[in-house]
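J.: Take any residue in the sequence shown, count from 1 to its spot, add 2: that is its number in my numbering.
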Amino acid sequence: MATELKGLTKRSENYSKWYNELVVNAELAEQAPVRGCMVIKPYGYAIWEKIQRILDDKFKETGHQNAYFPLLIPKSYLSREAEHVEGFAKECAVVTHYRLKNAEDGSGVVVDPSAKLEEELIIRPTSETIIWSTYKNWIKSYRDLPILCNQWANVMRWEMRPRLFLRTAEFLWQEGHTAHATREEAEAEARRMQEVYADFAEKYMALPVIRGVKSETERFAGALDTYTIESMTQDGKALQCGTSHFLGQNFAKAFGVQFVDRENKLDYVWATSWGVSTRLMGALIMAHSDDNGLVLPPKLAPVQVVIVPIYKTTDELSAISDKVKSIVEGLKARGISVKYDDADNKRPGFKFADYEVKGIPVRLVLGMRDLQNGTLELMRRDTLQKETLSLEGIDAKIETLLDDIQNNIFNKALKYREERTVEVDSYEEFKTQIENGRFVLAHWDGTAETEAKIKEETKATIRCLPFGLDETPGKCVCTGAPSARRVLFARSY
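Here it is in structure tokens:
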């Protein structure tokens with residue numbers, strides 16, 4: 003490991019501190035002047051852009067179109083769906099005035115009391131209400147359905163315990179909002195988008211996820227069902243990475259969105275909503291990274307290969323650069339992003355440390371001796387293994403290696419999760435395993451009271467009722483009452 007990185011706290015010593023230091027040292031983000039908000043720095047935003055670009059393509063492949071809806075929502079809109087407003091009421095930021103003026107004592111600007119809004123406006127915590135008020139104007143007949151809209155936006159949820167990427171008052175996300183003529187079509191849409199998220203997480207983020215449905219207590223406010231994908235962080239906690247909600251006709255009824263069906267009868271529209279956010283950045287860091295810094299899956303790395311020359315004179319640099327030019331061209335021809343760092347203002351050791359902490363998947367080093375021998379030194383970030391390779395056919399070797407790194411990162415995370423997932427039948431063992439940072443599959447009697455009791459006593463929540471799990475009946479791990487199936491419990495972020 004490069005000596006410049008010895009100051010990074012080890013995960014085993016303080017996982018939370020390690021995470022916070024890594025986000026800053028890798029130049030992903032930093033705290034903003036506004037409490038609970040963050041500045042996403044260019045390198046962090048470059049990763050988010052890749053996430054955004056891939057997902058946007060997937061949405062469009064499934065027939066969705068992008069739109070944009072207002073940031074500000076009339077307060078009365080949130081009152082129309084009772085469960086929805088109850089779920090978000092404590093997180094809402096409220097706009098009450100529309101003008102400032104200079105203070106009479108010259109101390110600065112103050113709110114102009116005469117500019118009070120007739121109705122307060124809510125900075126969107128989510129957009130169901132403003133979108134369904136709009137859909138009422140768009141939908142009259144079954145011929146207007148389905149509507150498959152998505153928007154890329156920011157939202158505001160007043161967060162009391164902020165943490166960069168994981169929980170911030172303002173965060174970036176996408177939110178899909180679809181309208182359908184039948185219940186079956188809407189339910190199929192919600193499940194389809196859950197699978198789109200899961201496929202993205204596993205194939206691009208190299209992040210194994212558990213697919214399932216939320217308990218009634220944990221589902222989205224205003225939804226009939228919430229489908230989720232859950233990942234495991236390296237400290238054994240769960241991180242909800244994406245959700246898709248079957249909203250039934252709740253929002254259509256709240257906003258009077260009706261349509262004439264094929265039998266010429268009037269009915270309410272069926273709805274879904276679904277979203278992922280910059281929380282995915284936190285999942286990426288917490289699932290794969292190590293004590294040296296970020297470990298990025300190649301498919302999401304802004305730079306997949308970095309080349310560092312080792313030289314003493316400008317003539318040597320010129321000779322190395324001539325050879326590097328052909329390597330860069332070969333890599334780019336294969337769609338591989340590459341950076342040649344020939345800057346003379348930083349020593350090679352500093353560059354090595356910087357690229358380790360930023361998680362660039364492959365590092366190539368080329369000096370005069372390598373040039374004479376027709377070789378170079380390659381280091382893969384996921385294992386930190388180094389080897390000397392021939393320059394001949396190096397672009398093809400790296401293309402294969404990047405696929406191997408992607409698969410290795412996924413398999414390592416999957417193995418870690420499988421080793422830390424246990425079935426438990428006694429409450430004492432349940433408490434022990436939760437305390438040890440495990441995913442616990444245990445029977446639950448299906449009541450909100452038991453769910454709340456377990457949460458209070460262990461800080462563990464039901465992450466989901468996993469799909470594909472053996473649904474053999476048993477006895478609740480807490481109460482001993484009959485249970486239809488095991489569910490997934492874990493502490494979470």
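In this text, a Cβ means the ideal position worked out from N, Cα and C, and glycines have one as well. Just so you know, these numbers come straight off a predicted model, no measurement behind them.
(1) Looking at C-beta atoms only, is the number of pairs between the region 278-291 and the region 159-168 that lie closer than 8 angstroms three or more?
(2) Is there contact here, the region 451-467 with the region 479-493, by at least three beta-carbon pairs under 8 angstroms?
(3) From Leu384 to Val297, what distance separates their C-alpha atoms?
(4) How would you label Gln67, buried or exposed, when you count the other beta carbons within 10 angstroms and need 16 or more for buried?
(5) Per DSSP, which residues does Gln374 bridge with? Please list them.
(6) Is the beta carbon of Asp344 sitting closer than 8 angstroms to the one on Leu380?
(7) Looking only at its chain, what residues have a beta carbon closer than 6 angstroms to the beta carbon of Met3, apart from the 5 residues adjacent to it on each side?
(8) Going straight from the alpha carbon of Asp447 to that of Leu123, what length do you get?
(9) With respect to the alpha helix (DSSP H) encompassing Asp317, which residues constitute its N-terminal and C-terminal limits?
(10) If we ignore side chains and look at the alpha-carbon of each, how far apart do Val259 and Ser275 end up?
(11) Which of the three DSSP states, helix, strand or coil, is assigned to Trp276?
(12) So, under 8 angstroms CB-CB, Phe202 and Leu57 are touching, yes? Tell me the CB distance rounded to an integer number of Å.
(13) For a minimum of 3 consecutive residues, which ranges assigned as the beta strand (DSSP E) are wholly contained in the region 25-92?
(14) Output needed for Lys43: all residues of its chain with C-beta closer than 7 angstroms, excluding positions within five of it in sequence on either side, in chain order.
(15) In the DSSP assignment, find the unbroken alpha helix (DSSP H) run with Gln236 in it and report its ends.
(16) Going by C-alpha to C-alpha distance, which of Ser323, Gly361 and Asn438 sits closest to Gly369?
(17) Out of Gly46, His445 and Thr98, point me to the one whose CA is closest to Thr474's CA.
(18) Using a 10 Å radius around the Cβ and a threshold of 16 neighbouring Cβ atoms, would you call Leu147 buried or exposed?
(19) I need the straight-line Cα distance from Lys341 to Ser129, nearest angstrom please.
(20) Given Val326, which residues of its chain have a CB within under 6 angstroms of its CB, disregarding the five upstream and five downstream residues?
(21) Residues in the same chain with beta-carbon distance under 7 angstroms from Ser279, minus the five sequence neighbours each way, listed in chain order, please.
(22) Is Glu451 closer than 8 angstroms to Ile464 when the C-beta atoms are compared?
(23) Decide if Asn252 is buried, meaning its Cβ has at least 16 other Cβ atoms within 10 Å, or exposed.
(24) Inspect the CB distances between the region 231-243 and the region 111-127 and report whether three or more fall short of 8 angstroms.
(25) Between Thr136 and Lys77, what straight-line distance do the alpha-carbon atoms span, to the nearest angstrom?
(26) Spatial neighbours of Gln408 within its chain, please: C-beta separation below 8 angstroms, excluding the five flanking residues on both sides.
(27) Hey, out of Pro210, Asn156 and Glu331, whose CA is closest to Cys39's CA?
(28) Mapping DSSP to helix, strand and coil, what is Asn409?
(29) DSSP on Tyr270, reduced to helix/strand/coil?
(30) In terms of residues, what are the limits of the alpha helix (DSSP H) holding Trp134?
(31) Give the DSSP-derived three-state secondary structure of Val359 in the structure shown.
(32) Give me the residue from Ala289, Val305, Trp134 and Pro350 with the minimum Cα distance to His179.
(33) Which value, in whole angstroms, describes the spacing of the CA atoms of Ala483 and Cys466?
(34) For Ala117, which residues from the same chain have a beta carbon less than 7 angstroms from its beta carbon, with the 5 sequence-adjacent residues on both sides left out?
(35) Expressed to the nearest angstrom, what Euclidean distance is found between the alpha-carbon atoms of Glu85 and Gly224?
(36) What's the gap between the Cα of Gln242 and the Cα of Arg185?
T.: Let's see:
(1) The region 278-291 is in contact with the region 159-168.
(2) The region 479-493 and the region 451-467 touch, with three or more beta-carbon pairs separated by less than 8 angstroms.
(3) Residue identity differs from the one stated: residue 384 is Asp in this sequence, not Leu. Roughly 6 angstroms between the two C-alpha positions.
(4) By the C-beta density criterion, Gln67 is exposed, having fewer than 16 other C-beta atoms within 10 angstroms.
(5) In the DSSP assignment, Gln374 is bridged to no other residue.
(6) It is not a contact, given that the beta carbons lie outside the stated cut-off.
(7) Low local confidence applies: a pLDDT of 36 at Met3 is under 50, so the model's placement there is unreliable, with the coordinate-based value given in what follows. Only Asn294 meet the Cβ criterion.
(8) As the crow flies, the alpha-carbon of Asp447 is around 42 angstroms from that of Leu123.
(9) Residues Thr316 to Ala335.
(10) The alpha-carbon atoms of Val259 and Ser275 are separated by roughly 16 angstroms.
(11) DSSP, read as helix, strand or coil, puts Trp276 in strand.
(12) With a Cβ gap of about 6 angstroms, Phe202 and Leu57 count as contacting.
(13) If we require 3 residues or more, the beta strand (DSSP E) runs fully inside the region 25-92 come out as 31-33, 40-42 and 74-76.
(14) For Lys43, the CB contacts under 7 angstroms within the same chain, skipping 5 residues up- and downstream, are Glu29, Leu30, Ala31 and Glu32 in chain order.
(15) Gln236: not part of any alpha helix (DSSP H); DSSP gives it neither H nor E.
(16) It is Ser323 whose Cα lies nearest to the Cα of Gly369.
(17) Thr474 has its Cα closest to that of His445, out of Gly46, His445 and Thr98.
(18) The residue is buried, with at least 16 neighbouring Cβ atoms inside 10 Å.
(19) Lys341 and Ser129 have their alpha carbons spaced roughly 40 angstroms apart.
(20) A distance below 6 angstroms between beta-carbons, with the five flanking residues on each side excluded, links Val326 to the following residues of its chain, in chain order: Ile309 and Tyr342.
(21) Its chain contains Phe173, Leu174 and Trp175 as the residues whose beta carbon lies nearer than 7 angstroms to that of Ser279, once the 5 sequence neighbours on both sides are disregarded; these appear in chain order.
(22) Between Ile464 and Glu451, the C-beta gap is not smaller than 8 angstroms, which leaves the two residues out of contact.
(23) Counting Cβ neighbours within 10 Å, Asn252 comes out buried, since at least 16 surround it.
(24) No: the two stretches stay apart, fewer than three of their Cβ pairs being nearer than 8 angstroms.
(25) C-alpha separation (whole angstroms): 15 angstroms.
(26) Closer than 8 angstroms at the Cβ level, and outside the excluded window around Gln408, lie Ala208, Pro299, Pro300 and Lys301.
(27) Considering only alpha carbons, the answer is Asn156.
(28) In this structure, Asn409 counts as helix in the three-state DSSP scheme.
(29) Three-state DSSP puts Tyr270 in a strand.
(30) Trp134: member of the alpha helix (DSSP H) spanning Glu130 to Trp140, first to last residue.
(31) DSSP places Val359 within a helical segment (H, G or I) once states are collapsed to three.
(32) Considering only Ala289, Val305, Trp134 and Pro350, the residue with the shortest C-alpha distance to His179 is Trp134.
(33) Across the structure, Ala483 and Cys466 are spaced so that their CA atoms are roughly 20 angstroms apart.
(34) These residues qualify, in order along the chain: His99, Tyr100 and Arg101.
(35) Pairing Glu85 with Gly224, the inter-Cα distance amounts to about 5 angstroms.
(36) Between Gln242 and Arg185, the C-alpha separation is close to 26 angstroms.
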